[in-house]
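Engineer: In this text, residue positions in the sequence shown follow UniProt numbering: the first is 1, and each later residue adds one.
Quick one: this structure, given as structure tokens, is what I'll be asking you about.
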Amino acid sequence: MVSRAERSLFSDWWWTIDRLLLGCVAVLMIAGLVFLMAGGPPVAARLNLPTFYFVHWQVIYLIPTILLMLAISFLSLRHIRRLALLTYVISMLLVVAAIFYGPEIKGAHRWIRLLGIGIQPSEFVKPAFVIIAAWAFSEAGRRRDMPGIIFGLLLLPATIAPLMLQPDFGQTMLITIVWCGLFFVAGLHWFWVAGLGGAGFVGIIAAYEFFPHVRSRIERFMDKSSGDTFQVDRAMEAFNNGGWFGRGPGEGTVKRILPDVHTDFIFSATAEEFGVIVCLCVLFIYALIVLRGLYQARQTDDGFIRLGISGLVLLLGLQASINMAVNVHLMPAKGMTLPFISYGGSSLVSLALLMGFLLALTRRRPRSELMGNYPTYERKRPKQPTRKEHRISGAAQA
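Listed below in structure tokens is the structure:
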């Protein structure tokens with residue numbers, strides 16, 4: 001047990017970190033390994049790989065994920081912004097590089113290989129984008145000489161334009177919704193909220209008209225007879241087979257024919273083997289992280305911290321909600337992972353950035369550190385007359 005009287009870097013971190021958030025993430029990581037042990041072997045067998053190939057690599061990916069998350073949680077507010085800016089710039093350069101040099105997978109150029117490792121750079125853009133947008137909007141409310149609103153407005157099209165060229169409509173939609181949420185928390189008038197909602201609706205229509213894969217997914221969602229709905233149908237079958245309490249670990253059958261059961265549809269494999277009650281527990285953990293983050297955001301007076309926390313939990317909650325909604329056929333199919341549970345190295349490293357930023361922002365900080373987070377500007381005081389000058393002035397008046 002770490003003593004409060006101990007003055008060290010670790011003890012200061014331990015007594016200022018939000019241990020509830022840390023515990024929720026640990027539970028999700030452990031649950032992800034358990035669920036992947038159920039959903040991974042069938043996919044490995046179809047690919048002629050070792051039985052626990054995906055579980056093995058998930059453990060390997062989790063080691064740097066945990067180290068990176070904990071390392072970021074030690075950072076000060078200033079270093080959080082610097083890391084986010086560096087991550088954003090590098091990731092956007094890789095996104096552009098993937099468009100021209102990345103392999104085409106399912107009609108899109110979203111991946112690029114570096115040192116023999118496949119990377120999806122758009123995953124790293126998301127948490128960095130939230131921090132930079134939060135900084136821009138908070139500076140706009142604090143300093144009139146800082147064009148934070150203009151910078152925040154330009155940040156969105158600069159980010160989503162390369163994503164649309166890949167194309168990656170799902171990540172574009174996710175980033176846009178989070179940006180609108182940040183704009184709203186920053187004090188946007190309801191008139192602009194309605195305007196952004198209308199612009200988003202126009203964007204969805206434009207995507208439907210100009211992107212064939214978006215049109216096919218929406219049409220399959222609205223009308224099953226318009227295309228192949230194999231994965232969604234099998235996911236719904238898994239929920240029906242599992243019922244409330246599941247068929248038991250290793251007893252699932254739908255996972256043997258679902259192509260993406262270890263990534264996009266791991267939630268349905270969990271439902272078949274462990275039951276709807278376990279799925280509801282997973283949903284509760286995500287909701288707890290979001291509500292805890294929003295509570296912490298409400299408790300702070302610092303605009304950057306409030307916006308940063310709000311944006312990060314909105315990003316995490318939306319990604320989890322989209323994945324689960326696709327599994328129960330409440331949304332068109334979209335290749336989006338379930339945070340900390342689906343298999344994927346790029347996704348885990350991205351989530352390490354997200355949770356590292358969130359844990360760092362929710363740490364209890366002394367007011368002196370918050371005030372020292374920004375440059376101070378001293379107001380020049382009028383020069384006070386000396387005692388000799390005061391006597392001379394008094395004699396002259398007499």
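By construction, the Cβ of each residue, glycine as well, lies at the ideal position given by its N, Cα and C atoms.
From a predicted model like this one, the values you see are computed outputs, not experimental measurements.
Smallest Cα separation from Arg247: which of Asp260, Met236 and Glu273?
Structural biologist: Distances from the CA of Arg247 to each of Asp260, Met236 and Glu273 were compared; the closest alpha carbon is that of Glu273.
Engineer: Taking only the alpha-carbon atoms, compute the straight-line gap between Glu378 and Arg143 and give it to the nearest angstrom.
Structural biologist: Interpretation of Glu378 is limited by its pLDDT of 38, a score under 50 that renders its predicted location unreliable; no figure is taken from the coordinates.
Engineer: Can you tell me whether His79 is buried or exposed, with buried defined as 16 or more other CB within 10 angstroms of its CB?
Structural biologist: exposed
Engineer: Tell me the start and end of each unbroken beta strand (DSSP E) in the region 75-148 that is at least 3 residues and wholly inside, in chain order.
Structural biologist: Note on the region 75-148: whole beta strand (DSSP E) runs with a minimum of 3 residues are 112-114 and 117-119, in chain order.
Engineer: Return the Cβ separation of Ala134 and Gly311 in integer angstroms, given the expectation that the two are a contact with Cβ distance under 8 Å.
Structural biologist: 5 Å
Engineer: Of all Cβ atoms in chain B, is any one closer than 7 Å to the Cβ of Ile266?
Structural biologist: In the structure shown, chain B does not exist; there is a single protein chain.
Engineer: Specify, as a first and last residue, the run of the alpha helix (DSSP H) that Ile266 falls within.
Structural biologist: In the DSSP assignment, Ile266 falls within the alpha helix (DSSP H) that extends over Ile266 to Phe274.
Engineer: Would you call the region 55-74 in contact with the region 289-306, where contact means no fewer than 3 C-beta pairs closer than 8 Å?
Structural biologist: Taking one beta carbon from each stretch, the region 55-74 and the region 289-306 have fewer than 3 pairs nearer than 8 Å; the two do not touch.
Engineer: From the DSSP output, in three-state form, read off Pro166 for me.
Structural biologist: For clarity, residue 166 is Gln in the given sequence; the question names Pro instead. It is coil, neither helix nor strand.
Engineer: Would you give the residue range spanned by the alpha helix (DSSP H) that His56 belongs to?
Structural biologist: The continuous alpha helix (DSSP H) containing His56 extends over residues Tyr53 to Ser73.
Engineer: Below 8 Å on the Cβ atoms is my guess for Ile341 versus Ala31; work out the distance and round it to an integer in Å.
Structural biologist: 6 Å
Engineer: In angstroms with no decimal places, state the Cα-to-Cα distance between Phe201 and Ile175.
Structural biologist: 15 Å
Engineer: To the nearest angstrom, how far is it from the Cα of Phe137 to the Cα of Arg306?
Structural biologist: 11 Å
Engineer: Going by Cα to Cα distance, which pick from Val55, Leu114, Leu70 and Gly197 is closest to Leu351?
Structural biologist: Leu70
Engineer: Between which residues of its own chain and Phe35 is the CB-CB distance below 8 Å, once the five residues before and five after are set aside?
Structural biologist: Ile266, Ala269, Thr270, Phe274 and Ile341
Engineer: Does DSSP classify Lys255 as helix, strand or coil?
Structural biologist: Per DSSP, reduced to three states, the secondary structure at Lys255 is helical.
Engineer: Taking its Cβ as the centre, do 16 or more other Cβ atoms sit within 10 Å of Ile112, making it buried, or is it exposed?
Structural biologist: buried
Engineer: Less than 8 Å between the CB atoms is what I'm expecting for Ile285 and Leu361, so what's the real figure, rounded?
Structural biologist: Wrong, their Cβ atoms sit about 20 Å apart, outside the cutoff.
Engineer: According to DSSP, is Arg364 helix, strand or coil?
Structural biologist: coil
Engineer: Between Pro121, Gly252 and Thr172, which has its C-alpha nearest Gln319's C-alpha?
Structural biologist: The option with the nearest alpha carbon to Gln319 is Thr172.
Engineer: Could you check if Lys106 is buried or exposed, using at least 16 other CB atoms within 10 Å of its CB as the buried criterion?
Structural biologist: exposed
Engineer: Note the first and the last residue of the continuous alpha helix (DSSP H) segment covering Phe340.
Structural biologist: From DSSP, Phe340 is part of no alpha helix (DSSP H); its letter is neither H nor E.
Engineer: Nearest-angstrom Cα distance between Cys24 and Leu165?
Structural biologist: 36 Å
Engineer: Report the CB separation of Ile119 from Leu156 in whole angstroms; it is logged as a contact under 8 Å.
Structural biologist: With 8 Å as the limit, Ile119 and Leu156 do not qualify as a contact, their Cβ atoms being about 23 Å apart.
Engineer: Determine the direct distance from the alpha carbon of Val125 to that of Ile99, and round the result to whole angstroms.
Structural biologist: Looking at the backbone, the Cα of Ile99 and that of Val125 are separated by about 15 Å.
Engineer: Quick one: what does DSSP say Met236 is sitting in, helix, strand or coil?
Structural biologist: helix
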